[in-house]
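Residue numbers (my numbering): 263 to 541.
Structure first, commentary second.
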Ligand code: SAM
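Set out below in structure tokens:
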């Protein structure tokens, strides 16, 4: 018997118009829908006039339920996995089910759609060429600060999911540990009170001090500034000019070259000594 297909199906993160035509069709076609919260998903199904058997699949029953769902798939039934909002497996249950389905040769098909992290990223105005999705930071301050310390020198943009009650504490930790970077607070994306706050973390902290934020939040942190690219031989060229053509002292030449290239003084000094020795 051929296996059924497991569909990993994204649902809207606030605005029902973000449901895709394909998602609606697949939900109509599958034999079973596995949902993080069946009551929540029932409302979505009702909105789209879909009537299908639902079963729960959430963090605390995922091991047991995963086995049941996998059995159904292996018996030829097709199943759509949905979470409460957005894309399953992204800070939501689903990963183990996908892993086990893949291991058992069950076809797994994505039905893409909304994802809060990607939606926030797309409007952030921060460099999007490389990014790191970290999901939720630890609740406890100590662990959160440890995590931020590890991410401090990350050269890629950071994306976090954050609860409104913890936002100020997290922004405070970012200011202290990561530095006064540009951040974006993307709140209630696609919903009535959608809001984007952009600026250095110190300014955002100031803005929010008087406010009690509610709703769902994605927090983005700009990458740490890269050292400006330095032309391979630029340090040598400048040193040669200052030391031998302009005849200025080693100390002054090193200071000038370090300032002009951004290369640490110690490194420039070593090169200056080498040049002097070779000359
Ligand atoms: N799987 C989901 C996805 O694809 O985005 C994320 C699920 S995670 C349990 C829920 C978190 O995502 C929220 O606490 C919030 O940080 C973020 N989130 C979800 N919907 C959002 C929205 N409309 N606006 C801003 N953040 C949102």
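Where a beta carbon is used, it is the ideal one built from N, C-alpha and C, also for glycine.
Set against 7 Å, the gap from the CB of residue 354 to the closest heavy atom of the ligand SAM is smaller. The alpha-carbon of residue 456 is positioned some 10 Å away from that of residue 276. Between residue 292 and residue 345, the C-beta gap is not smaller than 8 Å, which leaves the two residues out of contact. In the DSSP annotation of this structure, the continuous segment of the alpha helix (DSSP H) that includes residue 520 starts and ends at 512-523.
Looking at the DSSP output, residue 348 shares a beta bridge with 273.
Between the ligand SAM and residue 379, a heavy atom-to-CB distance of less than 7 Å is present. Collapsing the DSSP output to three states places residue 333 in a helix.
Judged by beta-carbon spacing, residue 324 lies beyond the 8 Å limit of residue 372, meaning their Cβ atoms are not closer than that value. Close CB contacts of residue 278 within its chain, under the 7 Å cut and outside five residues either way in sequence, are with 309 (chain order). Minimum Cα-Cα distance from residue 350 among the listed residues 376, 336, 433 and 332 corresponds to 376. A residue is called buried when at least 16 other Cβ atoms come within 10 angstroms of its Cβ; residue 315 does not meet this threshold and is exposed.
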